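Accompanying notes for the structure given below.
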Amino acid sequence: MSQKTVRLTMAQAVARFMTRQMTVIDGKRVPIFGGVFAIFGHGNVAGVGEALYAIRETLPTYRAQNEQGMANAAIAFAKASFRRRFMACTSSIGPGALNMVTSAALAHVNRLPVLFLPGDVFANRRPDPVLQQVESFGDATVSANDCFRPVSRYFDRITRPEQIIPALRRAMQVLTDPADCGPVTLSLCQDVQAEAYDYPESFFDEKVWVPRRTEPDLDELVSAIELLKSAKKPIIIAGGGVLYSEATADLASFAEKHGIPVVETQAGKSALPHSHALNMGSVGVTGTSASNRLAEETDLVLAVGSRLQDFTTGSWALFKNDALKIIGLNVQPFDAGKHNGQPLICDARAGLNRMSGGLGGYKADPSWTEKAKAGKAEWMAAAEKATATTNAALPSDAQVIGAVQRARGGSKTTLVCAAGGLPGELHKLWQAEEPGGYHMEYGFSTMGYEVAGGLGVKLARPERDVIVMVGDGSYMMLNSEIASSIMLGAKFTIVLLDNAGYGCINRLQMETGGANFNNLLQDTHHVELPEIDFAAHAAAMGAVTRKVGSIPELEAALAETANEARTTVIVIDTHPLITTEAGGHWWDVAVPEVSDREQVKVAREGYEKALQSQRFG
Numbered sequence: 094m095s096q097k098t099v100r101l102t103m104a105q106a107v108a109r110f111m112t113r114q115m116t117v118i119d120g121k122r123v124p125i126f127g128g129v130f131a132i133f134g135h136g137n138v139a140g141v142g143e144a145l146y147a148i149r150e151t152l153p154t155y156r157a158q159n160e161q162g163m164a165n166a167a168i169a170f171a172k173a174s175f176r177r178r179f180m181a182c183t184s185s186i187g188p189g190a191l192n193m194v195t196s197a198a199l200a201h202v203n204r205l206p207v208l209f210l211p212g213d214v215f216a217n218r219r220p221d222p223v224l225q226q227v228e229s230f231g232d233a234t235v236s237a238n239d240c241f242r243p244v245s246r247y248f249d250r251i252t253r254p255e256q257i258i259p260a261l262r263r264a265m266q267v268l269t270d271p272a273d274c275g276p277v278t279l280s281l282c283q284d285v286q287a288e289a290y291d292y293p294e295s296f297f298d299e300k301v302w303v304p305r306r307t308e309p310d311l312d313e314l315v316s317a318i319e320l321l322k323s324a325k326k327p328i329i330i331a332g333g334g335v336l337y338s339e340a341t342a343d344l345a346s347f348a349e350k351h352g353i354p355v356v357e358t359q360a361g362k363s364a365l366p367h368s369h370a371l372n373m374g375s376v377g378v379t380g381t382s383a384s385n386r387l388a389e390e391t392d393l394v395l396a397v398g399s400r401l402q403d404f405t406t407g408s409w410a411l412f413k414n415d416a417l418k419i420i421g422l423n424v425q426p427f428d429a430g431k432h433n434g435q436p437l438i439c440d441a442r443a444g445l446n447r448m449s450g451g452l453g454g455y456k457a458d459p460s461w462t463e464k465a466k467a468g469k470a471e472w473m474a475a476a477e478k479a480t481a482t483t484n485a486a487l488p489s490d491a492q493v494i495g496a497v498q499r500a501r502g503g504s505k506t507t508l509v510c511a512a513g514g515l516p517g518e519l520h521k522l523w524q525a526e527e528p529g530g531y532h533m534e535y536g537f538s539t540m541g542y543e544v545a546g547g548l549g550v551k552l553a554r555p556e557r558d559v560i561v562m563v564g565d566g567s568y569m570m571l572n573s574e575i576a577s578s579i580m581l582g583a584k585f586t587i588v589l590l591d592n593a594g595y596g597c598i599n600r601l602q603m604e605t606g607g608a609n610f611n612n613l614l615q616d617t618h619h620v621e622l623p624e625i626d627f628a629a630h631a632a633a634m635g636a637v638t639r640k641v642g643s644i645p646e647l648e649a650a651l652a653e654t655a656n657e658a659r660t661t662v663i664v665i666d667t668h669p670l671i672t673t674e675a676g677g678h679w680w681d682v683a684v685p686e687v688s689d690r691e692q693v694k695v696a697r698e699g700y701e702k703a704l705q706s707q708r709f710g
């Protein structure tokens, strides 16, 4: 049997294949790869670099400043695209590749698609060891890229050019699979990148990938419906899966028809408009009083697209009702069956609609629904007080959030954040009205995600007003993609809150009885404290900058810079200790059982008491 072929290097085959993968967005066929982020080195410049140059007009290549930064931007692009589109990232071997491993874990935890294409050592082993090769004394097949294995949904090392055919096909299956979605690593031996092979032309046929909508198993559906029908005080936990399934309208219809309050995880926030009467807001450790009071009483949790991590469940001490039942509506069986829940393994949209049909006229007890609405009104009063304007010299994070909300928090805004104390305050206080208006990386809580994340969101959603909120500690870890945003004309606004250290962890240290130690700059071992001019630093990378001294000045600066063409950084000093008192819940952080310090002993007593509220298994 004859087969038409085309002779290409392995790297050229990878590049051509990526250009032929498509999806459908709003009825239009578009490339599923939004581009490639690349930092070249000896392990990828000749092979992958030449291949990407040839397709640069079809599939753009973006030059970044840091491998972790570019990978974070690629992941943010996928999250902002609700996993419908994604990007690839290529680096050289050695430190360039290892810089992306943290990002691979970020994508793995958050179930987000990204294709990693790190260079690898020579398959032929002639220049052995090659520059940057990590040598294992006992295993000649090991390279630094093996670090990607535990944080990749699929990993392959390409040691022959024809191996890329099944590897790329498998990669696309994983990247587009709702249940197995996550990072893929194809480790490309640098000599093999340049080797030619007669590839079948059919390998490069255009292929369209659309989301699979798994229907629920009939028995599981019947069991879930019966559980919900017997519930007196049900709640819905909306996770990120609601957004990725594009099931936000279906969630609203389900909640309204059956009178069930909705609480939101970090990943699920914006699944319902903040103003929706049945949206109680954030749940768990960083939850609103409205959500957490309902969670304490509920007899049934319908967890839709959530992995039920400890911040959502208050380390499994939030739920107080001994009769509690859980329905895990999720495409991934691993998540659906957590904590002895009744699994309902299916797409969020399909599952909600099938359940609603089976529930008929079922509605939660009206007194339960009214209690929820009253609790939300009480919470909104507390939130309004926390975010009100002030002339304080060092405002709280909440007061800064209020200023950003008032100045730029419209329906076309996407708020981006990641680690530290801000996620907790934003989870409770930010008012998102559109799906995707709240973009938080808290699954892996990756410090340094914010600036690169803002770039990725802007590339995915150029029509949005992208606002990045970041603390000084996280900004110091990774800020270089400000320069990339200037290069690419991808303008977003950074509000930098400077509390002179790691304020969030300092507060946690104090809460667990610890002394103020090594978190705030003033509490570190130092000869001289640095006086960092963040505005000047950002300006040196090309950003428009402002340093403001108060909340009114911040609101004015946000308004003045709204139409700037370049990325803007606005810096404000904030208080490191003040947090919103209303809402929240205990979180399991182990306190030392033995200590010479009285504060630790007291904290341990409180810890042991709190442990008694945990539900185990």
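The numbering of the sequence shown is our numbering, which starts it at 94 and goes up by one. Here a beta-carbon is modelled for each residue, glycine too, at the ideal position from N, C-alpha and C. Here the structure is a predicted model, which is why all the values come from computation and not from measurement.
I need the straight-line Cα distance from residue i to residue j, nearest angstrom please.
i, j, result
"E657", "Y531", "22 Å"
"F537", "S567", "14 Å"
"S338", "A441", "6 Å"
"D616", "R639", "28 Å"
"S280", "L191", "12 Å"
"A144", "S95", "27 Å"
"G710", "M562", "37 Å"
"A576", "Q158", "8 Å"
"F296", "E390", "56 Å"
"M43", "C510", "Here the chain has residues from 94 to 710 only, and residue 43 is not among them."
"T660", "G547", "10 Å"
"I663", "Q492", "15 Å"
"T539", "F404", "15 Å"
"P685", "R149", "56 Å"
"P220", "F110", "30 Å"
"G513", "T672", "12 Å"
"V620", "H369", "53 Å"
"K702", "V335", "35 Å"
"R178", "R708", "39 Å"
"V315", "D415", "23 Å"
"F248", "E648", "47 Å"
Taking Cβ positions, are residue i and residue j nearer each other than 9 Å?
i, j, result
"H432", "I420", "no"
"H367", "W472", "no"
"E518", "D558", "no"
"N385", "G377", "yes"
"A171", "A287", "no"
"A396", "G434", "yes"
"F241", "F215", "no"
"N612", "G594", "yes"
"P354", "V267", "no"
"L365", "L344", "yes"
"M103", "A340", "no"
For residue i, list the residues DSSP reports as bridge partners.
i, result
"L281", "G212 and I251"
"V660", "The sequence given here has Thr at residue 660, not Val. In DSSP, T660 forms no bridge with anything."
"Q435", "I420"
"S375", "E357"
"R100", "D291"
"H668", "Answer is none; H668 lacks a bridge partner."
"F126", "F179"
"L393", "P327 and K418"
Would you mind giving the Cβ-Cβ distance between residue i and residue j, rounded to the nearest angstrom? I have them listed as a contact below 8 Å.
i, j, result
"V550", "N572", "Contact flag wrong, Cβ pair sits at about 16 Å."
"Q105", "A147", "7 Å"
"G136", "I186", "4 Å"
"A496", "I644", "5 Å"
"G468", "M373", "7 Å"
"G189", "Q283", "With a Cβ gap of about 12 Å, G189 and Q283 do not count as contacting."
"S592", "T667", "Reading the sequence as shown, one finds Asn at residue 592 and not Ser. Confirmed, Cβ separation roughly 5 Å."
"P309", "A443", "7 Å"
"A479", "A675", "7 Å"
"Y292", "T154", "The pair is not a contact, with the Cβ atoms about 22 Å apart (cut-off 8 Å)."
"P254", "V285", "6 Å"
"A525", "S323", "The pair is not a contact, with the Cβ atoms about 33 Å apart (cut-off 8 Å)."
"M448", "A317", "6 Å"
"L152", "F130", "That belief does not hold up - the Cβ atoms of L152 and F130 are roughly 12 Å apart, past 8 Å."
Mind checking if residue i is an interface residue toward chain D, Cβ cutoff 9 Å exclusive?
i, result
"L519", "Judged by its chain identifiers, the structure shown contains no chain D, having just a single protein chain."
Cβ pair count under 8 Å reaching 3, the stretch 399 to 417 against the stretch 666 to 682
yes
Counting Cβ pairs closer than 8 Å, one from the stretch 261 to 268 and one from the stretch 226 to 233, do we hit at least three?
No: fewer than three Cβ pairs fall under 8 Å.
Count the C-beta pairs between the stretch 456 to 467 and the stretch 321 to 337 that are closer than 8 Å, then say yes if the count reaches three, no if not.
yes
Do the stretch 597 to 605 and the stretch 617 to 627 touch if we need at least three Cβ pairs shorter than 8 Å?
no
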